[in-house]
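Shown next, in structure tokens, is the structure this report addresses.
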Amino acid sequence: MAGDAVSTVLSYAGWAFLPRYVTSFLQNIYYRITIRAGEPHPAPSSPRYARHHRRIYIVVVTSYLLYTLYETYHKLRAEGDFYQLLGVLPTSNDRTIKSRFRRLAALHHPDKRQGQQQQQFINNDGDGYVSPDQLFVQLRLAQDTLLDPVKRFAYDRFGQEVVEGSKAKTMSEFLFAGLRALLPQYLGGFVMMMLMNLFWFSAWGRYWRFYTFFALLTLELALLTHQNGTFIPAAHLPPWLSTLLHLDTFYLLPFQTLTLARNASMTLNIFISQLTPPDSSSTSSAKTAAGAGGLTPQTQAQLTQLTHLARANDAEATRLLQLGLAPFKGDKESVGKLRRGMKEGLILGSVRDAPEVKEAVRMVLERRVGVGI
Numbered sequence: 036m037a038g039d040a041v042s043t044v045l046s047y048a049g050w051a052f053l054p055r056y057v058t059s060f061l062q063n064i065y066y067r068i069t070i071r072a073g074e075p076h077p078a079p080s081s082p083r084y085a086r087h088h089r090r091i092y093i094v095v096v097t098s099y100l101l102y103t104l105y106e107t108y109h110k111l112r113a114e115g116d117f118y119q120l121l122g123v124l125p126t127s128n129d130r131t132i133k134s135r136f137r138r139l140a141a142l143h144h145p146d147k148r149q150g151q152q153q154q155q156f157i158n159n160d161g162d163g164y165v166s167p168d169q170l171f172v173q174l175r176l177a178q179d180t181l182l183d184p185v186k187r188f189a190y191d192r193f194g195q196e197v198v199e200g201s202k203a204k205t206m207s208e209f210l211f212a213g214l215r216a217l218l219p220q221y222l223g224g225f226v227m228m229m230l231m232n233l234f235w236f237s238a239w240g241r242y243w244r245f246y247t248f249f250a251l252l253t254l255e256l257a258l259l260t261h262q263n264g265t266f267i268p269a270a271h272l273p274p275w276l277s278t279l280l281h282l283d284t285f286y287l288l289p290f291q292t293l294t295l296a297r298n299a300s301m302t303l304n305i306f307i308s309q310l311t312p313p314d315s316s317s318t319s320s321a322k323t324a325a326g327a328g329g330l331t332p333q334t335q336a337q338l339t340q341l342t343h344l345a346r347a348n349d350a351e352a353t354r355l356l357q358l359g360l361a362p363f364k365g366d367k368e369s370v371g372k373l374r375r376g377m378k379e380g381l382i383l384g385s386v387r388d389a390p391e392v393k394e395a396v397r398m399v400l401e402r403r404v405g406v407g408i
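Put into structure tokens, the structure is as follows:
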């Protein structure tokens, strides 16, 4: 259990430095592959570098998100459950459960395995090795839990800890005990999210953070109160497709689905904060500066209107130029003459505007005026 906690902490801590380090590393490799030797790489302050960095960063954090979710799913499947321990499905009846227990008890009874010190077997603690006595106790606990409708109801929704440690006797007692245990978690999580959004997270993506939080709360209440919240894809797919995709024995109990959903919700919040656009902070700073004596909203609106007018004038000038060149369209000889004439006009215009030429013209005019007098 301690190893799992450390692994989870390291997985979340990796979000703080791994994406940026991997992005810089991959960006250097990308430039070495795509840019020929001798050509300069884009400067870190250039828009091209920032654009490439942003795209690679999105790919890296998305890949890390998928890896984190898969790691949680793999750990959950490796820990197993009572159904997997007995080799039955959540849809199996009491007769099938008893039959499987008798068969496994005959194979793993401690009296028949006294000479064996250890054996490898799926364990709810994730240790991977249990003694024959512990294995038999687990098999007995699994059978007793799954044959009791009340304990089976509680196990499917809250896991083994609630079944072993709770003193509840009825379904409603188990349900209210589980809800009372969840209430402080969600209240604390909501307060923490409010504080993080106020002092740490940017305003960008705030809607989706609260959306994932309340979606998780809704999913939790739905699975805990629903009569059958076990996810079995084979029940919704044709038999041949389930066999082809190896989904005929796949299932997720409600507490397994909620474990994945909680991890996904927390990881998505970090993922959204990592995807914050680089200009969002500058935008918020600009708004703060405007409120502290910068550009007023009226001035910003006038500047926006001026920008639109400039763009409209530029478009109108382009259309007039195209209209003036319309008679020469398709006539290569006329286009050539026009091009030569425009070049000569530009050259003559630049010559006339030269200070030396203007000075020479002025001197000639003064001389003519003097001669006339």
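So the sequence shown is numbered by our numbering: it starts at 36 and just counts up by one.
Beta carbons: idealized from backbone N, C-alpha and C, even for Gly.
Check residue i in the structure and name its three-state DSSP category.
i	result
Asn159	Annotation note: pLDDT 45 at Asn159 (below 50); position unreliable, no value reported.
Asn208	The sequence given here places Glu at residue 208; Asn does not occur at that position. Note: Glu208 maps to helix in three-state DSSP.
Thr302	helix
Lys202	coil
Pro390	helix
Pro274	helix
Gly371	helix
Thr126	coil
Arg244	helix
Glu106	helix
Ala78	coil
Trp50	helix
Ile132	helix
Pro312	coil
Leu174	helix
Ile70	coil
Asp183	coil
Phe236	coil
His87	helix
Leu282	coil
Lys364	coil
His343	helix
Gln153	Reliability of the predicted coordinates at Gln153 is poor, the pLDDT of 46 falling under 50, and no value is obtained from them.
Gly223	helix
Gly359	helix
Gly115	coil
His261	coil
Gly194	coil
Gln333	helix
How big is the Cα-Cα spacing for residue i and residue j?
i	j	result
Asn63	Ser80	15 Å
Ala347	Leu358	16 Å
Ala345	Glu351	10 Å
Leu293	Phe266	11 Å
Thr311	Ser300	17 Å
Ala141	Leu170	12 Å
Met229	Arg241	10 Å
Glu391	Ala361	38 Å
Leu252	Tyr221	8 Å
Trp50	Met231	16 Å
Gly73	Arg89	25 Å
Arg375	Arg86	42 Å
Gly224	Arg71	51 Å
Leu217	Met206	17 Å
Phe290	Met227	24 Å
Lys427	Pro184	What the structure shows of the chain is the stretch from 36 to 408, and residue 427 is not part of that stretch, so it cannot be assessed.
Lys367	Arg83	39 Å
Ser201	Ala238	42 Å
Ser385	Lys372	20 Å
Ala389	Lys364	34 Å
Leu214	Glu106	27 Å
Ser277	Thr284	9 Å
Pro219	Thr69	53 Å
Gly161	Trp275	At Gly161, the pLDDT of 43 sits below 50, so the modelled position is not reliable; the number obtained from the coordinates is stated separately. Going by the C-alpha atoms only, they are around 33 Å apart.
Leu45	Ala113	19 Å
Leu280	His343	57 Å
From the DSSP secondary-structure annotation, give me the bridge partner or partners of residue i.
i	result
Leu287	Phe266
Cβ of residue i within 8 Å of Cβ of residue j?
i	j	result
Leu288	Asp191	yes
Pro268	Leu282	yes
Leu111	Leu295	yes
Lys186	Val198	yes
Tyr286	Pro125	yes
Lys209	Ala189	Reading off the sequence shown, one finds Phe at residue 209, where the question assumed Lys. Taking 8 Å as the Cβ cut-off, Phe209 and Ala189 qualify as a contacting pair.
Thr302	Thr103	yes
Ile132	Leu61	no
Arg135	Val123	yes
Ile307	Trp235	no
Gly264	Leu258	yes
Ile91	Tyr65	yes
For residue i, would you say it is in contact with chain C, using Cβ-to-Cβ distances shorter than 8 Å as the test?
i	result
Leu272	No chain C is present in this structure, which holds just one protein chain.
Problem set entry | Stretch-stretch touch, CB-based, cutoff 8 Å, three pairs: the segment 332 to 342 with the segment 71 to 78 | no
Exercise. Do the segment 176 to 184 and the segment 109 to 125 meet, that is, are 3 or more Cβ pairs less than 8 Å apart?
Worked result: yes
Exercise. If we count Cβ pairs, one from each stretch, closer than 8 Å, do we get three or more for the segment 48 to 63 versus the segment 89 to 98?
Worked result: yes
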